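**Q** Just so we're aligned: the first sequence equals residues 1 to 563 in UniProt numbering.
The beta-carbon is built from N, C-alpha and C at its ideal position, and this holds for glycine as well.
None of these values were measured; they are calculated from a predicted model.
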Amino acid sequence: MEPSQLFKGYNFLLVPFLRTKLASFRHNLYTKNGATLYPTINQFAKQVKKFNSELIPDYYDSEEALHYTTIIVVEDEEKLTDMTSLSSYLKVPKSGFPLDEYKVLRLAWVTDSLEEKKLLPYSKYLFSFPEQKGKVKRERESESLSDVKEEKEPSKKRKRKSVDEEHSLIFEKLASPPKIEDIKKKVLADSESLRASTPESDEEDLKNMSNNELIIHYFSQMAKERKVEGLQFKSLSYLRAINAIKNAPKEIECREDALSIPKIGKSLADHCVEIIETRKFGQLKRQQESTEAHVMKELQKIHGVGAVISEKWFNHYGVRSIPDIFEKVPESEFTDAIKLGLYYYYDWNQKIPREEVTAHSEFVSDVGKKIDPKFIVQTVGSYRRETKTCGDVDFFIMKEDCNDETKLSQFLTTLVKELFKSGYLKCSLFPAHDQLLKFLTGGQLTDKKFCRRVDFLAVKWKYRAGALIYFTGNDILNRYMRTLANNKGLRLNNEGLFKPKRRVIDEANKMGIRLSKMHFKEDDWTLVEGEDEEKIFNLLGLRYLEPKDRNIGNLSEIGGFRL
DNA sequence: AGGCCAATACTG
DNA sequence: CAGTAT
DNA sequence: GCCT
C-alpha cells in the first residue's frame with residue numbers, strides 16, 4: 001500500500017503496546033501513513049510538549065486538536081478489563097492524566113480506515129470495557145487480534161455520524177426534531193398569522209395589458225399550477241411558450257399567429273385564442289379555485305413535502321389544511337425533516353430582508369474568523385445576486401489553496417459546533433456525517449423574530465468557481481448553463497466544467513448515445529475549469545454575468561445567446 | 001414513444 | 001429505489 | 001404540453 005498519509009497529525013496511544021512480529025508490521029504501516037505511535041503517556045506528553053505546534057492542525061485550538069487527533073487504540077481487547085488496566089498499560093504518571101478525554105477505539109478503526117482509504121467515524125468503533133454485570137454487552141465484544149481482518153459490519157453501514165463525542169452530542173441535539181406536541185402547538189399558534197398575510201394579485205390592471213402580456217401573465221400562473229400538481233414538464237412547456245412569446249416579433253391576434261410561434265402547439269394556441277377573446281383563462285381559474293390546488297400549495301410549503309406526499313395527504317388522508325395534518329396523518333409519515341418543516345412552517349416561509357442576511361453573514365463570519373481567519377466564509381445564493389429579499393442564507397466555506405476535504409470538514413464541524421453553542425443554530429435537517437462538507441440547518445439571530453433556513457457548504461479551492469456558480473444560481477441559469485455545456489460535449493456540475501476523455505467519447509460513439517448521457521465518473525472526465533467563474537461562462541460561449549445579473553426569469557434574458 | 005430546464009446528496 | 005432537497 |  002502506498003503511504004497515504006491518512007493519519008497525518010494523528011497520535012495513537014497503543015494499549016497494550018504489543019511487540020510481536022505482526023504488531024510491529026502493523027505499527028510500521030501506521031507510521032507510514034502518517035501516524036505517530038506512543039506506548040506510554042510519558043512519551044506522549046513529552047513529545048506533545050516538544051512539538052506542540054506541529055501536532056496541532058491550524059484550524060483547531062490546541063486542546064481540541066489534541067483531543068481530536070489523539071486516540072487510544074486497543075491492540076488486544078482481552079487484556080483490557082477496566083480503566084485501571086488501561087492506565088497501567090499506558091503508565092499514567094502519578095501526576096495524573098485525563099485519559100477519559102480521549103477516545104478509546106478498537107483496532108478495527110485503524111484497519112478499516114486504511115482499507116477504505118479514509119478516516120472513518122469514531123462512533124462505530126468506540127471500545128467499551130466488558131461490563132462486569134454483563135449488562136450492556138455489545139454484540140461485537142471480544143474481538144481479538146486474529147479476527148480484525150475479516151467481517152466488516154461497520155464498513156457497510158459506516159458513513160454515519162461524526163467524530164468526537166462532544167460533537168456527536170451537539171449534532172444529536174441539533175438533528176433531533178421537536179416533539180409532535182410542540183410542533184402542533186407552534187403550528188397552530190402560527191397558522192393564524194400566516195393566513196392573515198397571504199397576499200393576492202390585483203386583477204384590475206389586466207385590462208390594460210396587450211394580448212401577449214396577458215397570455216404571459218396567465219401562462220406563468222398556469223406553469224406554477226402545473227408544477228404544484230407535479231406535472232413539471234407541462235409546467236415547463238408553459239415557461240418555454242412564455243419565453244417564445246417574449247421573443248415573438250408581433251402581437252398574437254389569432255390562432256395562426258399563435259401556432260407560428262415555436263413552442264406553441266395546438267393546445268396552447270387554443271388557450272391563446274380564449275385569452276385574447278375573453279380576456280380570461282377558464283382552465284386556470286378552475287384550477288386555482290379548486291381546493292385541491294390550494295391545499296397542495298400549502299402542503300408543499302412544508303420543507304420535506306413535495307408533489308407526491310402532498311397528493312397522498314390530500315387524497316388518502318383527506319387533509320384540507322395545515323392544522324388538519326395533525327388530526328389525519330399518522331405520525332409515521334413524518335420524517336425528521338418534515339417535523340422540522342412543520343415546526344418552522346411559518347418561519348421558513350417568510351422572505352428574509354436583505355439587511356437581516358447581512359447580519360447573519362457578519363455573525364457567522366465572525367465566529368469563523370475566531371476559529372481560523374484563514375478560512376473564507378462567503379455568503380452566496382440570492383444574497384450574492386443582490387436581491388432585496390432572500391429565501392434562505394447560503395454560506396460558502398473555503399480556504400486559499402486548500403483542497404483537503406478533511407481540513408474543510410473539520411473547520412465546518414467546529415464552526416457548526418460554535419454556532420450551536422452560541423445559540424444561533426436551532427436544528428439540522430439531517431445528521432452530521434464524518435466528512436461534514438454540507439450542512440442544512442435553521443439559524444436565528446438573538447435579536448430577530450424568525451428562525452431562517454441556513455445552508456453551509458465547504459468547497460475545495462480548485463472547485464470554487466464551479467461551486468460558486470452553482471450556489472449563486474439562480475436555478476434557471478444553472479440549468480441553462482448545464483444544457484449549454486452538454487450541447488458542447490462538455491459537462492458542468494457543482495465542481496466545474498469538464499471535458500470527456502478520449503475513451504469516453506469512443507465509448508459513447510460505440511454505444512450510440514450522447515455524451516451527456518454517459519454516467520459521470522470522475523476518471524472519464526478532465527477538469528477544464530473550476531477556479532474562474534468568468535472562464536466558465538466564456539467557455540460556454542456566454543459573456544460573464546455579474547452575480548446581480550443572474551436573476552434571470554427565463555432564457556431570453558441572457559444576452560445574445562440561444563440554444 | 002420519450003426527452004425536455006442538471007447534477008448530486010440524503011432519508012427511509 | 002422514490003421522494004425531496006440543494 | 002411541445003418537439004423529434
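#1: My output table needs one value for T413: the three-state DSSP class, helix, strand or coil.
#2: Do you know offhand how far I476's Cα is from I552's?
#3: Beta carbon of K417, beta carbon of I71: below 9 Å?
#4: Measuring CA to CA, which of F17, N487, D392, A175 is closest to I41?
#5: Which of the three DSSP states, helix, strand or coil, is assigned to E546?
#6: With DSSP as the reference, identify every bridge partner of P500, one or two as the case may be.
#7: Threshold first: 3 residues or longer. Then list the beta strand (DSSP E) segments lying entirely within the segment 172-232, N to C.
#8: Buried or exposed: which applies to N211, given that a residue is buried once 16 or more other Cβ atoms fall within 10 Å of its Cβ?
#9: Here's a check: name, in chain order, each residue in its chain whose Cβ is nearer than 6 Å to the Cβ of L440, leaving out the five neighbours to either side.
#10: Tell me which residues share the same chain as T389 and place their Cβ nearer than 7 Å to its Cβ, disregarding the 5 neighbours each side in the sequence.
#11: Restricting to Cα atoms, I'd like to know which of G489, E400, F498 is closest to R464.
#12: Starting from G442 and walking both ways along the beta strand (DSSP E), at which residues does that stretch end?
#13: Buried or exposed: which applies to G427, given that a residue is buried once 16 or more other Cβ atoms fall within 10 Å of its Cβ?
#14: Using alpha carbons as the reference points, say which of Y544, L299, D549 lies closest to D324.
#15: Helix, strand or coil: which one does DSSP assign to L457?
#16: How about D372 and F396: are their beta carbons less than 9 Å apart?
#17: What ranges does the beta strand (DSSP E) occupy inside the segment 263-335, keeping only unbroken runs of at least 3 residues that lie completely in it?
#18: Could you give the distance in angstroms between the alpha-carbon of Q288 and the alpha-carbon of R240?
#19: Following the continuous beta strand (DSSP E) through V74, name the residue where it begins and the one where it ends.
#20: Can you tell me where the beta strand (DSSP E) holding D394 begins and where it ends?
#21: Can you check DSSP and say which residues form a bridge with Y30?
#22: Whole angstroms is fine: what's the gap from K339's alpha carbon to L457's?
#23: What are the start and end residues of the beta strand (DSSP E) that includes S428?
#24: On a Cα-Cα basis, can you pick out the residue from V15, T36, L126 that is closest to V91?
#25: CA-CA distance, T278 and A223?
#26: Let me know the secondary structure DSSP gives R479 once reduced to three states.
#27: Quick check on residue 577: does DSSP put it in helix, strand or coil?
#28: Nearest by alpha-carbon distance to S422: which of L174, F127, A23 is it?
#29: Looking at the unbroken alpha helix (DSSP H) that takes in K369, where does it start and where does it end?
#30: Would you identify the three-state DSSP class for K79, choosing helix, strand or coil?
#31: In angstroms with no decimal places, state the Cα-to-Cα distance between L436 and K460.
#32: By how many angstroms is the C-alpha of V329 removed from the C-alpha of L188?
#33: Where do the ends of the alpha helix (DSSP H) carrying Y383 lie?
#34: Can you name the start and end residues of the beta strand (DSSP E) that L490 belongs to?
#35: If you count every other CB in all the chains shown that lies within 10 Å of the CB of N538, and 16 or more means buried, which is it?
#36: Quick check: the segment 304-320 against the segment 242-255, are there 3 or more CB pairs under 8 Å?
**A** According to the structure data:
#1: DSSP, reduced to helix, strand and coil, places T413 within a helical segment of the structure shown.
#2: When rounded, the distance between both Cα atoms is 7 Å.
#3: A distance of 9 Å or more separates the beta carbons of K417 and I71.
#4: Here the closest residue by C-alpha is F17.
#5: DSSP places E546 in coil when its eight states are reduced to three.
#6: According to the DSSP secondary-structure assignment, P500 is paired through a beta bridge with W525.
#7: Taken in chain order, the whole beta strand (DSSP E) runs of length 3 or more contained in the segment 172-232 number zero.
#8: N211 comes out buried.
#9: Cβ neighbours of L440 beyond the five flanking positions: L429, D455.
#10: Non-local C-beta neighbours of T389 in its own chain, meaning closer than 7 Å and more than five positions away in sequence, comprise K351, I352, P353, R354, ordered along the chain.
#11: Shortest Cα-Cα distance from R464 to any of G489, E400, F498 involves E400.
#12: Element bounds for G442: 438-443.
#13: Rather than Gly, the amino acid found at residue 427 in this sequence is Cys. Classified as buried, C427 has 16 or more neighbouring CB atoms from the shown chains inside 10 Å of its CB.
#14: Cα-wise, what sits closest to D324 is L299.
#15: Residue state, collapsed to three classes: strand.
#16: No, they are not a contact pair.
#17: Not a single unbroken stretch of the beta strand (DSSP E) spanning 3 or more residues falls wholly within the segment 263-335.
#18: In a straight line, the C-alpha of Q288 is about 21 Å away from that of R240.
#19: Secondary structure note for V74: its beta strand (DSSP E) is the uninterrupted segment 70-74.
#20: Element bounds for D394: 393-399.
#21: In DSSP, Y30 forms no bridge with anything.
#22: Roughly 23 Å between the two C-alpha positions.
#23: For S428, the uninterrupted beta strand (DSSP E) segment begins and ends at 425-428.
#24: The sequence shown places Lys at residue 91, not Val. Checking every option, the nearest Cα to that of K91 belongs to V15.
#25: Their Cα atoms are separated by approximately 20 Å.
#26: It is helical.
#27: Within the shown structure, residues of the chain are numbered from 1 to 563, placing residue 577 beyond reach of any answer.
#28: Per the Cα distances, L174.
#29: Note, K369: alpha helix (DSSP H), 354-371.
#30: In the displayed model, K79 falls within a helix according to three-state DSSP.
#31: Roughly 13 Å separates the two Cα atoms.
#32: Distance between the alpha carbons of L188 and V329: 16 Å.
#33: 381-384 is the extent of the alpha helix (DSSP H) around Y383.
#34: Membership of L490 in any beta strand (DSSP E) is not indicated, and neither H nor E is assigned to it by DSSP.
#35: By the 16-neighbour rule on beta-carbons within 10 angstroms, N538 is exposed.
#36: Here the segment 304-320 makes no contact with the segment 242-255; the two share fewer than three CB pairs at distances below 8 Å.
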